[in-house]
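In the working numbering, the protein residues as written are 699 to 861.
Some notes on the structure that comes next.
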Amino acid sequence: MLNGIELIAIVAVDRVWGIGKGGQLPWRLSGDLAYFKEKTLGHAVVMGRRTFESLPGGALTGRENIVMTRQADYEPKGATVVLSQEELAASGFGRLYICGGEEIYRLLLPLTDRCLITKVDTVCGADAFFPDIDALGGFRKISESPPVTESGLTYRFTEYARE
Ligand SMILES: NC(=O)c1ccc[n+]([C@@H]2O[C@H](COP(=O)([O-])OP(=O)(O)OC[C@H]3O[C@@H](n4cnc5c(N)ncnc54)[C@H](OP(=O)(O)O)[C@@H]3O)[C@@H](O)[C@H]2O)c1
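The following block contains the structure:
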């Protein structure tokens with residue numbers, strides 16, 4: 699929790715917790731994008747400036763987009779800026795979905811209540827990572843979906859809750 703705001707991280711990781719490569723997602727999985735949309739639609743989402751700029755269609759529609767940056771003059775189209783965790787804490791939302799990237803996941807993980815983690819059964823040669831919460835501890839896996847295969851990749855939707 700962050701000042702009464704429920705924090706839910708939503709992320710897709712490979713076998714070694716890789717999440718990104720060259721500033722982009724390492725894969726394009728329509729089933730995972732649909733899952734992401736289903737979970738976040740109608741809610742507020744928070745992301746780092748780099749992830750926001752990597753979105754192919756700009757701000758995510760049907761969601762309140764919040765972008766974290768330290769640039770006071772940054773004016774993203776269709777999104778609200780917060781300049782610090784303290785400012786995010788004062789945003790007044792009841793729930794926030796944390797949508798990356800690495801810096802923002804790491805920043806907010808100590809306060810994160812739940813993690814929705816799509817586990818992709820591959821090693822993608824990532825240069826951005828989500829913390830290995832199995833090794834770190836503090837969370838326990840509470841559900842795992844049957845495997846889905848798409849474009850030659852198998853993945854599962856898992857959910858972790860804070861212990
Ligand atoms: N697989 C997935 O589910 C998933 C999801 C999202 C992203 N990704 C991937 O993750 C990668 C991007 O991650 P990243 O770590 O490079 O970037 P990021 O976390 O998206 O953004 C980093 C930026 O956030 C801002 N920031 C960080 N800490 C802040 C703080 N305490 N207060 C205010 N602003 C702060 C800074 O912006 P300024 O530089 O403007 O100050 C910083 O440069 C990409 O490859 C992307 O595709 C993967």
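Beta carbons: idealized from backbone N, C-alpha and C, even for Gly.
Since the model is a prediction, treat every value here as computed from it, not as a measurement.
| query | result |
| --- | --- |
| Can you name the residues that DSSP bridges to G718? | A826 |
| Give me the Cβ distance between K737 and Y795, rounded to the nearest whole Å; I'm assuming they're in contact under 8 Å. | 7 Å |
| Less than 7 Å between the CB of G823 and some heavy atom of ligand 1, yes or no? | no |
| When the distance is taken between beta carbons, is V709 closer than 8 Å to F828? | yes |
| Excluding the 5 residues flanking S843 on each side, which residues of the same chain have their C-beta closer than 6 Å to its C-beta? | R854 and F855 |
| Assuming G716 contacts G799 (C-beta within less than 8 Å), just tell me the rounded distance between them. | G716 to G799, Cβ: 12 Å. No contact. |
| Can G760 and G729 be called in contact, C-beta distance under 8 Å? | no |
| Please confirm whether V711 and V818 have their CB atoms less than 8 Å apart. | yes |
| Can you list, in chain order, the residues of its chain whose CB lies under 6 Å from that of R816, leaving out five sequence neighbours each side? | It should be pointed out that residue 816 corresponds to Thr in this sequence rather than to Arg. Excluding residues within five positions, the ones whose Cβ falls inside 6 Å are A710, D730, Y853 and F855. |
| Is A742 near ligand 1, with its Cβ less than 7 Å from a heavy atom? | no |
| As a quick exercise: from L807, S849 and Y733, pick the residue whose alpha carbon is nearest that of P724. | S849 |
| Using a 10 Å radius around the Cβ and a threshold of 16 neighbouring Cβ atoms, would you call A826 buried or exposed? | buried |
| Compute every distance between the C-beta of T847 and the non-hydrogen atoms of ligand 1, then say whether any falls below 7 Å. | no |
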